[in-house]
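A.B. asks: Let me give you the structure first, and then I'll get to my questions.
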Amino acid sequence: MKFPVKQDKTWYATNSNLSYGPTFGGRYDLHTFNGTVNTNSFGKFFPLNGSAKFGHSYDMQGVHADDINNGNLNVIELEVYKVTLRKPWRSHDNWDTKEFERLKGAILAFTPIPDLSISKVRVAMIGPVGAGKSSFFNTIDSIFHERITWRACSSSAEHSVTAGYVPYTIRPNSGGSPNFILCDMPGLEESVGPDVNDCCHILDGHIQDFHLFNQEKELTPKADKSKVEPTKNRIHCVIFVLDATTLDTVSEKVIEKMKQFQRLMNEREIPQLIVLTKIDKICNDVERDFSFTYKSWAVEEHVKKASQLLGLSQTKVFPVKNYKEETKLDNNVNILALLALSRILESVEDYMLNLLDRQVFGQIDLKKNQATPL
Ligand SMILES: Nc1nc2c(ncn2[C@@H]2O[C@H](COP(=O)(O)OP(=O)(O)OP(=O)(O)O)[C@@H](O)[C@H]2O)c(=O)[nH]1
Ligand SMILES: [Mg+2]
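Okay, so the sequence shown: first residue is 0 according to numbering that gives the first Met the number 0, each after it adds one.
If you want it as structure tokens, here you go:
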């Protein structure tokens, strides 16, 4: 059984005295023994000379001392464990509202490099069916809207709920609009959903916004290239959205598809990151308090798995919890999502700096709408 120390009694959690055995609580909720205790005359157990008066400093949640020790303190063995808090696997100490405002402000201040003729950067969300792509957009949108929003349709289904290529612009309550667009699309499946050919079109901006994918049959002919503006629609960063609870069961074919997509991104030097969703389902401590995420062993283990799955470094994996059935925003959930988004925009900045170099050295001319700049 596990009993939490009462919030206002944490000062009394343990009681250190050189001549005492393990002792807990202000009025000795549990005082095991004092001095030396010898076994009883038959040498079978140790009659401890302490006391158990639980309830002062520990919340016993309705359990009485007698339920635990049968009304005596006779023990055959007494095991004491020292629990050492490990260092977080990723350092981030600040989870207050000030930090939230700082992250939000930095994201709102993000602007594309002027010389590249990019008005808003495009971030594509790619991943298996039901991984939480649409929900990740809804989470980011909710943060900037200061209320839970459901603009992108999200639910669980056999095939992808999202049917088309949908670029979402965020319009905060405060007015203005951040300079990025999150592009949602159907989930990847073994034989339906976006394929390598589609991915190529998406990355290069050769797909019309709101293009509908036909899920069951041969894909409909691609959008009329004359109607799209490659420079405007080109993708500047890809986030692979993966469900932490299904990392072990993603089909080999879908993994292979993502790897083929990655080759296209690598050719174009498009940055790739992973947003790892549903962390509330893999660790109870995290579900209770999302600021525990970077200390959770379970989350760390899943971050490692996700990084191995796509061969990306662990520093590029961002665990998040998407809003699902909540009615109110949670500061820690917001911070996790904004930490991911900040890193995404930093990667876009690196990519833009590379583009700028290429332009300066005359390798590309973005104004001529070159499809594959790198
Ligand atoms: N518990 C929990 N559920 C989540 C989370 N993210 C998404 N979900 C749920 O997972 C289901 C699928 O989420 P979607 O956002 O529709 O996933 P998607 O990747 O857009 O799916 P498709 O468009 O069908 O490919 C929905 O029921 C969501 O509410 C999360 O972080 N935690
Ligand atoms: Mg979706």
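From the three backbone atoms N, C-alpha and C, an ideal C-beta is built for every residue, glycine too.
Everything numeric in this text was worked out from a predicted model, so none of it was measured.
#1: Tell me which residue opens and which closes the beta strand (DSSP E) that threonine 276 is part of.
#2: Do you know whose CA, among Lys294, Leu241, Thr245 and Glu286, lies nearest glutamine 271's CA?
#3: Glycine 25 and serine 56 - do their beta-carbons sit closer together than 8 Å?
#4: Please determine, among Trp10, Thr35 and Gly34, the residue with the shortest C-alpha to C-alpha distance to phenylalanine 23.
#5: Excluding sequence positions up to five away, which residues of its chain have a Cβ less than 6 Å from the Cβ of serine 133?
#6: For the region 283 to 332, which segments carrying the alpha helix (DSSP H) assignment without a break, of at least 4 residues, lie completely within its bounds, in sequence order?
#7: Would you report the Cα separation of asparagine 172 and glutamate 325, rounded to the nearest angstrom?
#8: Would you list the residues sitting across from threonine 22 in a DSSP beta bridge?
#9: Any heavy atom of ligand 1 within a distance shorter than 7 Å of the CB on glycine 163?
#10: Identify, in the order they occur along the chain, each residue of the same chain with its Cβ nearer than 6 Å to the Cβ of phenylalanine 260, setting aside the five sequence neighbours on each side.
#11: Does the beta carbon of tyrosine 19 sit closer than 8 Å to a beta carbon anywhere in chain B?
#12: Following a CB-centred definition, is proline 270 positioned closer than 7 Å to any heavy atom of ligand 1?
#13: May I ask you to report which of helix, strand or coil DSSP gives methionine 257?
#14: Going straight from the alpha carbon of glycine 192 to that of serine 312, what length do you get?
#15: What residue range does the alpha helix (DSSP H) around valine 62 cover?
#16: Beta carbon of alanine 305: closer than 7 Å to some heavy atom of ligand 2?
#17: In the structure shown, what three-state DSSP assignment does aspartate 140 receive?
#18: Compare the Cα-Cα distances from glutamine 60 to each of Val4, Asn16 and Phe109 and report the closest residue.
#19: Cβ of serine 153 versus every heavy atom of ligand 2: is any distance shorter than 7 Å?
#20: If you follow the alpha helix (DSSP H) that cysteine 385 is part of, which residue opens it and which one closes it?
#21: Taking the C-alpha atoms as reference points, what is the distance between asparagine 39 and proline 46?
#22: How about lysine 132: is its Cβ closer than 7 Å to a heavy atom in ligand 3?
C.D. replies: Let me spell this out:
#1: One-based indexing of the sequence shown puts residue 276 at position 277. Start and end: 271 to 276.
#2: Along the sequence shown, read from residue 1 onward, the residue named residue 271 stands at position 272. Residue Leu241 is the option with its Cα nearest to glutamine 271.
#3: The residue labelled residue 56 in the question sits at position 57 within the sequence shown. The residue labelled residue 25 in the question sits at position 26 within the sequence shown. The criterion of a C-beta distance shorter than 8 Å is satisfied by serine 56 and glycine 25.
#4: The residue given as residue 23 occupies position 24 in the sequence shown. Ranking Trp10, Thr35 and Gly34 by Cα distance to phenylalanine 23 puts Trp10 first.
#5: In the sequence shown, counting from the first residue as 1, residue 133 sits at position 134. Once the five neighbours on either side are set aside, the close Cβ partners of serine 133 are Ala151, Ser153, Thr161 and Asp183.
#6: 283 to 287 and 296 to 309
#7: Counted from its first residue, the sequence shown places residue 172 at position 173. Counted from its first residue, the sequence shown places residue 325 at position 326. CA-CA distance, asparagine 172 to glutamate 325, rounds to 20 Å.
#8: As a position in the sequence shown, residue 22 is number 23, starting the count at 1. DSSP lists His30 as partners of threonine 22.
#9: On the sequence shown, position 164 is the one that residue 163 refers to. Glycine 163: no, Cβ never under 7 Å from ligand 1.
#10: Taking the sequence shown and counting its residues from 1, the one referred to as residue 260 is at position 261. Result list for phenylalanine 260: Cys198, in chain order.
#11: Here chain B cannot be found, since the structure has a single protein chain.
#12: Locating residue 270 in the sequence shown gives position 271, counting from the first residue. Proline 270 Cβ: outside cutoff for every heavy atom of ligand 1.
#13: In the sequence shown, residue 257 corresponds to position 258, counting from 1. Three-state result, methionine 257: helix.
#14: The count along the sequence shown starts at 1 and reaches residue 192 at position 193. The count along the sequence shown starts at 1 and reaches residue 312 at position 313. Answer to the nearest angstrom: the Cα atoms are 27 Å apart.
#15: Sequence index remark: in the sequence shown, residue 62 carries index 63 (1-based). No alpha helix (DSSP H) holds valine 62; DSSP gives it neither H nor E.
#16: Numbered from 1 along the sequence shown, position 306 holds the residue referred to as residue 305. No - ligand 2 has no heavy atom lying nearer than 7 Å to the Cβ of alanine 305.
#17: What you label residue 140 is simply residue 141 of the sequence shown in a count that begins at 1. Residue state, collapsed to three classes: helix.
#18: For the purposes of this step, residue 60 is identified with residue 61 of the sequence shown, where counting begins at 1. Looking at the Cα atoms, Val4 is the closest of the given residues.
#19: Here the question's residue 153 lines up with position 154 in the sequence shown. Yes, since a heavy atom of ligand 2 falls inside the 7 Å radius drawn around the Cβ of serine 153.
#20: Residue 385 is absent from the model: the chain starts at 0 and stops at 373.
#21: Working through the sequence shown from its first residue, we reach residue 39 at position 40. Working through the sequence shown from its first residue, we reach residue 46 at position 47. CA-CA distance, asparagine 39 to proline 46, rounds to 7 Å.
#22: Looking at this structure, you won't find ligand 3 anywhere; what it does contain is ligand 1 and ligand 2.
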